[in-house]
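A.B. asks: Dropping a structure here in structure tokens format, bear with me for questions.
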Amino acid sequence: MLKKTCLSVVMASVLLSAGVAQPAERNVVMPEGAKPSALFSPAIEANGFVFTSGQLPIDPATGKMVEGIEAQTEQAIANLRRVLEASGSSLDKLVKVNVYLNNIDDYASMNKIYAKAFKGAPPARTALQVGKIPLGAAIEIEGIAVK
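According to the UniProt record's numbering, the residues represented by the sequence shown are 1 to 147, in order.
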């Protein structure tokens, strides 16, 4: 048993020194003007990926939520873009998007606006209805992008 443990420690040391199993560096992404939260970060950058928190349809200039599913979709995507650009990424570099809808009947209206933002090869996506979205929003969007 001792030989097996020693071999595991030696292999881990070799992998770390070769750069194969480097510990992940984790950086908080904070867009200019964003208010820090004790509960979550706007995004975390790690190992060449950017993991965003869900973006609500709140206009950062006014602090107010826009009205209607189309306007809310546009604002949530704009907020997602803002967070990604603060990390050095962009909407074009998204690999996975999750769209949370308060009402699945808004799916077609959301898709109409979503399609304008993601031309060409869009990211993989999941869209589903959830029980409730914070602050009474109709939509929340999160994503994972490459740097």
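All residues carry an ideal CB built from backbone N, CA and C; glycine is no exception.
Beta-carbon separation of Lys96 and Gly143 under 8 angstroms?
C.D. replies: Yes, the Cβ-Cβ distance between Lys96 and Gly143 is below 8 angstroms.
A.B. asks: Do Ala124 and the ligand MG come close, with the Cβ less than 7 angstroms from some heavy atom?
C.D. replies: With respect to the ligand MG, the structure offers nothing, as it holds no ligand at all.
A.B. asks: What does Ala43 pair with, by DSSP beta-bridge criteria?
C.D. replies: According to DSSP, Ala43 bridges with Val29 and Thr52.
A.B. asks: For Leu101 and Thr126, I'd like the C-alpha separation in whole angstroms.
C.D. replies: Each residue's Cα considered, the two are about 11 angstroms apart.
A.B. asks: Considering only the alpha carbon of each residue, which of Gly136, Lys147 and Ala145 lies closest to Lys64?
C.D. replies: Among Gly136, Lys147 and Ala145, the Cα nearest to that of Lys64 is on Gly136.
A.B. asks: Got a sec: is the Cβ-Cβ distance from Ala86 to anything in chain D below 8 angstroms?
C.D. replies: Included in the structure is just one protein chain, with no chain D present.
A.B. asks: Can the beta-carbon of residue 156 be found less than 8 angstroms from the beta-carbon of Ile58?
C.D. replies: This structure gives no information on residue 156, because the portion of the chain shown stretches from 1 to 147.
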